[in-house]
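2 protein chains.
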Amino acid sequence: MFNKSTYYSFLVISFLFVMVNSVSAKSMGEKIASNGNGNGATACIGCHTANGSGLGAAGFPRLAGINAVYLEKQLESFRTGSRDNAVMAPIAKALTVKESKAIAGYYSRLKSASSATVDPNFSLEPGAYLVLRGSWPDRKLPACEQCHGPGGSGIDETFPALAGQHASYIKSQILNWRNGKRKNDPNNLMKEVATKLNNDEIDAVANYYASLDPLKAGNAAAKKIVNLKTPLNKKPVEKSEFFTPPMYGDYPDGPFGESVRNGEAIFTLSNSHATSKKYVGNHQQCVNCHLDAGRLANSAPMWASWPAYPAYRKKNNKVNDITMRIQGCFTYSMNAQASKAGKAPAAESKPITDLKAYMYWISSGAPTGDKNMPGRGFPKFKETKLGYSPKRGKKVYAKNCAICHGTNGQGVMRKSQTLFPPLWGNNAYNWGAGMHNVNKAAFFIKANMPLGLPNSLSDQDAWDVSAYINSQERPQDPRHKGNFKETAKKYHQGKYDFYGKQKTTNGKILGE
Amino acid sequence: MFNKSTYYSFLVISFLFVMVNSVSAKSMGEKIASNGNGNGATACIGCHTANGSGLGAAGFPRLAGINAVYLEKQLESFRTGSRDNAVMAPIAKALTVKESKAIAGYYSRLKSASSATVDPNFSLEPGAYLVLRGSWPDRKLPACEQCHGPGGSGIDETFPALAGQHASYIKSQILNWRNGKRKNDPNNLMKEVATKLNNDEIDAVANYYASLDPLKAGNAAAKKIVNLKTPLNKKPVEKSEFFTPPMYGDYPDGPFGESVRNGEAIFTLSNSHATSKKYVGNHQQCVNCHLDAGRLANSAPMWASWPAYPAYRKKNNKVNDITMRIQGCFTYSMNAQASKAGKAPAAESKPITDLKAYMYWISSGAPTGDKNMPGRGFPKFKETKLGYSPKRGKKVYAKNCAICHGTNGQGVMRKSQTLFPPLWGNNAYNWGAGMHNVNKAAFFIKANMPLGLPNSLSDQDAWDVSAYINSQERPQDPRHKGNFKETAKKYHQGKYDFYGKQKTTNGKILGE
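Line by line, the protein sequences give chains A and B.
Here the first sequence is numbered in the working numbering, starting from 1 and rising by one per residue.
Here the second sequence is numbered in the working numbering, starting from 1 and rising by one per residue.
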């Protein structure tokens, strides 16, 4: 047994050990970066510069501040050939795994300003539009920053920071994804994106990212969304089978326009926006189920909901107006019971007023009373012969979903902002949300997930992964009055509902 | 001084005197009706029958239960020739004024069943539609029962009961209005109506009224409105410069349709309908400002309001959704402060939900977001060179408005149902209602009043009569917090607002 002083000594020694190791790793990284490893790997700084800001004119990327694991993975890719690069391949092969880790760690910790330059005559606006908005209606192309993080700050080890990266490098990489010289992306996501972009758009995106300050990235660009007024230089869709909402950013004037803008911000940042966060008891945002800020057909677009209300709903057995419907989203999908307010915002509250102003504006021109606009809700499809299996779904999840939503469905947060929403656990939608039904989630997933790869999963995979997700624990149904069996009987008799039924994987009763 | 017993004796004697007089009047009426007056006037019963039910085959009208003053006026009309009738003229001329009054009183008090017959193969539905709905969009033709009372029960001395009247007689009279043989209508109202109806429609209306039971008239037909599903046999308007709402009665199914139907009933019977009356503190109904159940262009139709909200309103300096807008109508136009509830219905209350369901349904197909649909609100026109004058307006009122709205603006009530709305006094709209502004009321009046004679007043008359109406007392502005000068300063600085300004006619400060 330790006594108290021995215990403190142990702590101090442990701490010093960690420090020394850290210093030693840093030193190794810095040493190799500056001088090479003396074993075939030349000095990194020759191309990537000492402060890691790279050399744009030569197409050598900035490495400073990029996630260490991501950088390591790239060295591995050069080694294995999933990045086809004649310069980097021999260098990567000459590095040990330990050396690779040391260099990656070293560069990831550098906080250097960007040396990227952008021609001042180059219009950044179309690039900003693609980065911040994407191009959904025609190509289901998500905004770049949905994966590369607010302000191009990157998200974890999978999605590298792009703020302040050289345009020449970004461009070359997108072209490499497109022509197959680079193929180390998860699920061919970047290949898909690169194929959808034309050359002008690649230039636009590359230059926009180059223009961002990597040291100020954070939420800066996310905040800009609210004021972004510049659409793509060409209209995304000339003719569509779906309703076309007003152009992004083409807001009305005056106090009503203010309300619309604020509504859009609430919609996209529900759990972190000052107006709405006190009503959100988890890490969900409206936009997580209603992609493209509620504009996307087959992703429960707002322009198909607004004209469909008031309407009778079985769920609460009364005629609901759009206010009640939105309150329902707060109550269930955003688990208001666990929020600071403890309940959905009141009918005349600012979040409801602004969300309605936004939804109304989005619906400009939609015919009042049309309850069946093409693209409403999620497209339904039949159950497969095999039925659905959480066990099979677990594999589908690991392959397609975990990189964004996390191995434990926990999602990704940055400070208070949700970057990828949790799918189960305390911060997911609760047992009363529509999405907890296996069929509904399967429909959503098939048509919209993974982000940027809609309709890529088979029907079977969509059913299975939905079953896997929805056979996990999540916050209690807010209609629960304390008697679990009663709640299960009253609200969870549905065929596609795991609440109150034995979980196949660990035998626990879900919802109890 | 009377003592108690003298007082009772006086009461008894007074009562007997009244009874004897009454018996004597009844006797004279009955006697002349049965035997003639022996002075050239033949017995009435020969044509009108002893029970006053008339003889349909010969075209002799039913007189039983018709307002006595109205009947007297008709005898006067036969005498003066404003009713050109070869049979009745000499009879009427042979009657003294006293005899005329006696006969009129006698017949008015008879409670006989109708002897009118209607071919069972005749479809009553087109007639019911005209009587209960009118034909507004194409001809601004009010429903017959708006003047002739619920169930054809008549309203006071101006608008005779028509329930159970012989079809042949009704038809002949409408034709007489049309061809000028009868011209004793106020402001040529019936001439206008008769000119607008075609012969089939005249038949339809005549037969429908003939089919009604005069002893059960009351509110029976008014209640039917809610369920009337039969439109005119031809669509009223093929092409219109205005939006065409769904056909009357073509309601959606299920609980939502129930809500729509109830909303329509609340809209047309606001202060007497079970769902809404507790929130109405005066004798106003939505339909009084929004004619044709909120369907009529240039009469602030609901189909132009629904798609225009949410919107910013200066009145309360915020973005209002349609709920707030409707609540505003309760607060001001329907003076909720004096109602049983004491305030407008809450956002999720049944009256608001049903009214919204109705407004939404009325707007089916209207483009969301259109804030300028043709026919929205009331058409504006410029102030005249003379300006507006309550004094001049008083004359316009007496000539055009008093027959329905009453000499003192008190309107007409039957039990709790408003037949014609009060325009000033305790049961009128309050000082916060939009209608209290001289310009707004002038715009409404010009385009819509007198009922059935739209655009018949000159601009000058519309301004003047609006000024007369709006320079009368009415319920306090609900925004008033006790300080009259403050209320006047804060809410009544408008050019067209008499609140807080000296009344021209009697020197009282209005609103104080």
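Backbone N, C-alpha and C fix where the C-beta goes; we use that ideal spot for every residue, glycine too.
Residue B/ARG261 holds the alpha-carbon nearest to the alpha-carbon of B/TYR251 among B/PHE242, B/PHE243, B/ARG261, B/PRO245. At a beta-carbon threshold of 7 angstroms, none of the residues of chain B lie near A/TRP136; the nearest stands roughly 20 angstroms away. Residues of chain B whose Cβ lies closer than 8 angstroms to the Cβ of A/GLY249 do not exist; the shortest such Cβ separation is about 16 angstroms. Neighbours of B/THR368 across chain A, judged by C-beta separation under 7 angstroms: TRP306, PRO307, TYR360, SER363, SER364, GLY365, ALA366, THR368.
Looking at A/ILE445, A/ASN37, A/ALA167, A/ARG178, the one whose alpha-carbon comes closest to that of A/ASN207 is A/ALA167. Look at B/LYS216 here: in three-state DSSP terms it is coil, with no helix or strand label. In chain order, LYS26, GLY29, GLU30, ALA33 place their CB closer than 7 angstroms to the CB of A/TYR106, counting only its own chain and leaving out the 5 sequence neighbours on each side. Listed along chain A are PRO310, VAL319, each with a C-beta nearer than 8 angstroms to that of B/ALA357. CA-CA distance, A/THR195 to A/LEU141, rounds to 11 angstroms. The Cβ of B/PHE267 sits no closer than 8 angstroms to any Cβ of chain A. Around B/GLU264, no beta-carbon contact reaches into chain A at under 7 angstroms, the shortest distance being about 14 angstroms.
Taking one beta carbon from each stretch, the stretch 363-372 of chain B and the stretch 314-331 of chain B have fewer than 3 pairs nearer than 8 angstroms; the two do not touch. When DSSP states are grouped into helix, strand and coil, B/ARG392 belongs to the helix group. Going by DSSP, B/LYS318 is part of the beta strand (DSSP E) stretching over 318-320.
The beta-bridge partner set that DSSP reports for A/ALA311 consists of A/ASN320. Nearest neighbour of B/GLN476 by Cα position, chosen from B/HIS436, B/GLY151, B/GLY59, B/ASN271, turns out to be B/HIS436. Sequence-ordered contacts of the stretch 344-355 of chain A with chain B read ALA347, GLU348, THR353 [C-beta pairs closer than 7 angstroms]. B/PHE159 is bridged by DSSP to B/ILE155.
Counting other Cβ atoms within 10 Å of its Cβ, A/VAL97 stays below 16 and is therefore classed as exposed. The criterion of a C-beta distance shorter than 8 angstroms is not satisfied by A/ILE266 and A/PRO150.
Contact check for B/TYR332 and B/GLY432: beta-carbon distance about 4 angstroms, within the 8 angstroms limit, so the pair qualifies.
For A/PHE256, the nearest beta carbon of chain B is closer than 8 angstroms to its own beta carbon. Think of a sphere of 9 angstroms around the beta carbon of A/THR323: the chain B residues whose beta carbon falls inside it are ASP321, THR323, ALA347, GLU348, in chain order. DSSP places A/ARG376 in no beta strand (DSSP E); its state is neither H nor E. The beta carbons of A/PHE444 and A/CYS329 sit no closer together than 8 angstroms.
When secondary structure is reduced to three states using DSSP, B/PHE484 falls in the helix class. Put simply, the backbone Cα of A/GLY434 is about 7 angstroms away from that of A/LYS440. Following the DSSP letters along the chain, one finds A/VAL412 inside the beta strand (DSSP E) bounded by residues 412-414. Counting every other CB atom within 10 Å of its CB across the protein chains shown gives B/SER299 a total of 16 or more, marking it as buried. Shown here for A/ALA116: same chain residues with a beta carbon closer than 6 angstroms to its own, the five before and five after excluded, namely GLY56, GLY164, HIS166, ALA210 in chain order.
When DSSP states are grouped into helix, strand and coil, A/THR418 belongs to the strand group. Pairing B/ASP253 with B/ILE362, the inter-Cα distance amounts to about 15 angstroms. Excluding sequence positions up to five before and after A/GLU512, its CB lies within less than 8 angstroms of the CB of PHE484, GLY500, all in the same chain and listed in chain order. At a beta-carbon threshold of 8 angstroms, the residues of chain B lying near A/SER259 are PRO310, TYR312, VAL319, ordered along the chain. Excluding its 5 nearest sequence neighbours in each direction, B/GLN417 has C-beta neighbours in its own chain below 6 angstroms: SER272, listed in chain order.
Of the residues B/MET88, B/ASN198, B/LYS385, the one whose Cα lies closest to the Cα of B/GLY40 is B/MET88.
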